[in-house]
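Structure, as structure tokens:
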Amino acid sequence: MNAVRSPIAEQMARRMLPATTFVASAGVRAGERDPFVDAVLAEEGVSLGERQPRTLADMEDDYFDLIVTLAPEAHHAALELTRSLAVEVEYWPMPDPTDAGGTREHIMAAYRDVRERLKARISRRFLLPEAKTRPIKHVHKRAIII
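Mapping the sequence shown onto my numbering, position 114 (from 1) lands on 116, and the numbers just tick up by one.
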């Protein structure tokens, strides 16, 4: 679903990468917008705005040179979708924070953990350690996160 991990990753990538890099997110299935995602993004000063969850089918006419997957189901779907395409597919396994239980603070801690893992992964993939706001590694121009 495109409701938790990939929207967080999309917003963090948009904030960290240059505006010339197109970043989008989509899911294998449609899902409902998650209020914990809004809360964890607000802590970073970003918002989903009016954005609603999207599916891969919603993005099928777009071209992407990089697809990042965050869950096994998404990875298998991306590999199947790109069998005959010249596109790079990377798998960044991320825990599912919706599995967290307990108090609101316990749940928020799980969402924060995913957000911080995604920020670190985006930084390692696209930025040099001493240049946390300016990419200097190869930056794909059109990336999708599922």
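Note that CB positions come from ideal geometry on N, CA and C, so glycine has one too.
{"Query": "Beta-carbon separation (whole angstroms), residue 124 vs residue 15, contact threshold 8 Å", "Result": "5 Å"}
{"Query": "Option nearest residue 92 by Cα separation, candidates 117, 76, 34", "Result": "76"}
{"Query": "Bridge partner(s) assigned by DSSP for residue 57", "Result": "29"}
{"Query": "Nearest-angstrom Cα separation, counted from residue 32 out to residue 79", "Result": "14 Å"}
{"Query": "For residue 94, the nearest candidate out of 69, 114, 107, 83 (CA to CA)", "Result": "69"}
{"Query": "Distance, residue 10 Cα to residue 126 Cα", "Result": "17 Å"}
{"Query": "For residue 47, the nearest candidate out of 117, 57, 25 (CA to CA)", "Result": "117"}
{"Query": "Other residues of its chain near residue 163: CB distance less than 8 Å, five sequence neighbours each side excluded", "Result": "Nothing can be reported for residue 163: it is not among the residues displayed for the chain, which extend from 3 to 148."}
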